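Enquirer: Residue numbers (our numbering), protein chains in the order written: chain A, 61 to 530; chain B, 61 to 530.
No residue lacks a Cβ here, since even glycine has one placed at the ideal position from N, Cα and C.
Predicted, not measured: the structure shown is a model, and the values here were computed from it.
1) Find the residues of chain A that neighbour residue 406 (chain B), judging by a C-beta separation of less than 9 Å, and give them in chain order.
2) Would you say residue 493 (chain B) faces chain A, with C-beta separation under 8 Å as the test?
3) For the alpha helix (DSSP H) holding residue 253 (chain A), just list the boundary residues, first then last.
4) Could you name the residues that DSSP lists as bridge partners for residue 383 (chain A)?
5) According to DSSP, is residue 101 (chain A) helix, strand or coil?
6) List the DSSP bridge partners of residue 284 (chain A).
7) Note down the Cα distance separating residue 67 (chain B) from residue 90 (chain B), rounded to an integer number of angstroms.
8) Could you tell me whether the Cβ atoms of residue 279 (chain A) and residue 271 (chain B) are closer together than 8 Å?
9) Three or more beta-carbon pairs under 8 Å between the segment 340–350 of chain A and the segment 169–177 of chain B, yes or no?
10) In the DSSP assignment, find the alpha helix (DSSP H) that holds residue 197 (chain B) and state where it starts and stops.
11) Note down, in chain order, every chain B residue with its Cβ under 9 Å from the Cβ of residue 318 (chain A).
12) Any idea which residues DSSP pairs residue 304 (chain A) with across the strands?
13) The segment 305–331 of chain B: which residues have C-beta closer than 8 Å to a C-beta of chain A, in chain order?
14) Can you round the beta-carbon distance between residue 239 (chain B) and residue 404 (chain B) to whole angstroms, since I take them to be within the 8 Å contact cut?
15) Less than 8 Å separating the beta-carbons of residue 339 (chain B) and residue 306 (chain B)?
16) Which whole-angstrom value is the C-beta distance of residue 297 (chain B) and residue 285 (chain B), which I expect to be below 8 Å?
17) Counting beta carbon pairs with one atom in the segment 489–498 of chain B and one in the segment 444–460 of chain B, are three or more of them shorter than 8 Å?
18) Helix, strand or coil for residue 80 (chain B), going by three-state DSSP, please let me know.
19) Could one say the Cβ of residue 518 (chain A) lies closer than 8 Å to chain B's Cβ atoms, at least one of them?
20) Could you check the C-alpha separation between residue 155 (chain B) and residue 408 (chain A) for me, to the nearest Å?
21) Establish whether the CB of residue 377 (chain B) and some CB of chain A are separated by less than 8 Å.
22) I need the DSSP call for residue 170 (chain A), collapsed to helix, strand or coil.
23) The alpha helix (DSSP H) with residue 116 (chain A) in it runs from where to where?
24) Using 8 Å as the threshold, is the segment 137–146 of chain A in touch with the segment 476–486 of chain A, meaning 3 or more CB pairs across them?
25) Quick one: using the 10 Å Cβ neighbour count with 16 as the cut-off for buried, is residue 512 (chain A) buried or exposed?
26) Which of the residues in the segment 406–430 of chain A, read from start to end, lie with their CB under 8 Å from any CB of chain D?
27) Do residue 377 (chain B) and residue 185 (chain B) come within 8 Å of each other at the CB atom, strictly closer than that value?
28) Spell out the partners DSSP gives residue 509 (chain A) in its beta bridges.
29) Nearest-angstrom Cα distance between residue 470 (chain B) and residue 524 (chain B)?
30) Hey, quick one: how far does the alpha helix (DSSP H) through residue 519 (chain A) stretch, first residue to last?
31) With respect to the beta strand (DSSP E) encompassing residue 161 (chain B), which residues constitute its N-terminal and C-terminal limits?
32) Is residue 518 (chain A) buried or exposed, if buried means 16 or more other CB atoms sit within 10 Å of its CB?
33) Expressed to the nearest angstrom, what Euclidean distance is found between the alpha-carbon atoms of residue 359 (chain B) and residue 213 (chain A)?
34) Buried or exposed for residue 72 (chain B), going by 16 or more other Cβ atoms inside 10 Å?
35) Is it the case that the segment 212–229 of chain B contacts the segment 225–243 of chain A, given that we only count it when at least three CB pairs across the two stretches are under 8 Å?
36) Pairs of beta-carbons, one from the segment 307–324 of chain B and one from the segment 129–136 of chain A, closer than 8 Å: are there three or more?
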């Protein structure tokens, strides 16, 4: 038998493929295709090397590889023997090493104007400046060889603390700050910290559905709480069994309501009296165009009941993934018990670049720059809305944010409006899609972000919507 | 009353703080400290402006801010009236705007030599080269203003596919690849995709506890499966109700076992016959020092039963957070239904830099560079271990990886060894800590990574361990 096997081995000596790999592949195929069976002996190293005029080391390497992968064994010491392999018991759809059928492409309609996303205006950020801060990080390469601080780099946490104190009225300690690549990643950590605390979480309804989803994924029961004009319905919250509530008090998502200080106090009382937790999502409070930004609820939190979530992805381009949360002391203790089980997943280079950018005052400059840019865009947007739609729409807006809500007086359903806009290359968002409970009937509200639409194209883009809907 | 109130207002005209903010802060404090009560009227805009010799616009801005935050209202039209605020019903631990007490510092002993982590040797990566690829990304800034592709940038997914085909024997389509900032982030997405599929997941025991944790956080029951010398105990797997198993077949973590092809076939048969899923964590297969890397299990997966998890964080420094997974077609469909609810959280700049780095062949060069570096370090490490410990230890190693397992013949328990090493500035890891079920008694196994220990310090560092333990 040996002679036959050896006779069939055709080696390519052109050195494209090492000889030992060719030998290994030959025997692997023989075994897989059952031309060699369990218990069959392979030629001895010496005789195979002689017969093929190759070195014994080459044969040995091939046999070693086959042995490592479990095709053969040398229990008998002197000789290598084919192992008993479980056959693949099912008919194969395709051979190993062939490509799977191309999956069905997800339908991605051609979108020219995207009103559905708060992504940044192309004039909104100076990437040359950012590049300078990125390059500075490379001056201290040794720091980049490690995973870095488990809560995020200390310099950045310190800068965040300064910013929160000066701009958001939040006084916290850098040890309370945890950096993450996006609010969802942070909510994943938070769910782990909170899982022994409660099994249900109240959410503003309509509200931030991508946040809701993370809690649902972790097995929490979501309790939707109706929105009133001044924020969530406190009576519903009292009546619920929830020991935790998620909200955006300074600029509710998506309605835009501001929660007044009276209700903030009620909420803090509720948390203290019922031993509950408030999660404050302060996602875009920088963009208030008149007066000063509404202070964070966390600033009133003298009893350490509020988890504060912040993100840079409205002030920096969202391709730079930097978010953070501030934990109350008692949750910080729980977090630390388990912290080593979670690797912080934010790029160290971008963390350190951001720390330098903030320390040199560029972050505040960037906020002022964007506030001016978006204020002007917003005025233009509203002017264009009036011109294009006249009295066919009612514009719900307030003094902040990157979006408006449009009440459309149309016979079309919101879904029809969405599809007709999409067919003409415009993507919009619907308020109804942010409800967990049933949305109110006849809710003909469209969300339009203006941040990403170029000022020069605004009117044109709105005319397309007008033609789609009327 | 008006006269009194106005008389107390001391404005600082030095322009450090805008006048309207000073006015706003004055009334805010008056209301919070109950010197102004619900129903009290504020001075009219005109009279306050006159009395303070400031413009009416300044007063109006201050009143607007107070109104936005809910301190006052102007329901009576002509005059502004203090709102009824819920008092804070509990005694305050601290005033708003004061710092929380510094939290207890987590005990971070001073570690000089860290044997517990597979972080990179400082000579392992050329950051100047990487910086070039980062800087190239800035040539096309427009791409950086958006969130980017929800599965990760297409160029990088394409390069990953090429690498998997050439180096891991895995044939997949770029549409099946999902990028994430670390394996844990990807497991978060995966848990969401899998949650309707099964409620329990089998794990090699001992195994990757940070992965286990993510499944546990999502409410999955973890079924520990014993390890045999050729991988998990198939009989235990058959007997379990699990419809999913997580394993690292090419280099088991932490034991280092390679799963032979026969068992791989058994596993694929099990998955096909029981309609189950295999999650293959291929975390460091690049570092095989003899022969070629063990092919991935995914390469045998003709029936699309295997989710493949890969990471760059052993080949690139882990401060660059780039991982990926390859989904089978049926799970890809589930993922896509929900993909819009999850924002991919990997830095776009680092994704695009990596795509360029791979396309130019630097990734393969980097693997060869590290394989050589770590091979030499490993030989040196083992030589030093023999010299320093003699026959007091048994070295369990194989032909790959960045770590060895040490069986220590000592009267100390593993925990004592851990603490004694730590007291002398050395951090080690214990195999027993990776068990979910009870670890075998008398398991005196220490994990030592050599990747991060400088070659010139190795002997010195091992001597410290020797002194700590004997």
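Expert: Taking the coordinates as given:
1) 241, 381, 405, 407
2) no
3) Taken as a continuous stretch (DSSP letters only), the alpha helix (DSSP H) holding residue 253 (chain A) covers 243–254.
4) A:240, A:371
5) DSSP places residue 101 (chain A) in strand when its eight states are reduced to three.
6) DSSP, once it has assigned bridges, lists A:263 as partnering residue 284 (chain A).
7) Low local confidence applies: a pLDDT of 49 at residue 67 (chain B) is under 50, so the model's placement there is unreliable, and no value is given.
8) Result no, Cβ atoms of residue 279 (chain A) and residue 271 (chain B) do not sit closer than 8 Å.
9) no
10) 187–197
11) Taking the beta carbon of residue 318 (chain A) as reference, the chain B residues within 9 Å of it are 128, 129, 130, listed in sequence order.
12) A:337
13) 318, 319, 320, 321, 322, 323, 324, 325, 326, 328, 329
14) For residue 239 (chain B) against residue 404 (chain B), the beta-carbon gap comes to about 6 Å, under 8 Å, which counts as contact.
15) yes
16) 5 Å
17) Counting Cβ pairs under 8 Å, fewer than three are found: no touch.
18) helix
19) no
20) 35 Å
21) Residue 377 (chain B) belongs to the set of residues whose beta carbon lies under 8 Å from a beta carbon in chain A.
22) coil
23) 116–128
24) As far as the Cβ criterion goes, the segment 137–146 of chain A does not touch the segment 476–486 of chain A, which means the pair count is below three.
25) buried
26) Among the protein chains in the structure shown, which are A and B, there is no chain D.
27) yes
28) A:463
29) 15 Å
30) Its alpha helix (DSSP H) spans residues 518–529.
31) Segment: none, residue 161 (chain B) is in no beta strand (DSSP E) and carries neither H nor E.
32) Buried: at least 16 other Cβ atoms inside 10 Å.
33) 39 Å
34) exposed
35) no
36) yes
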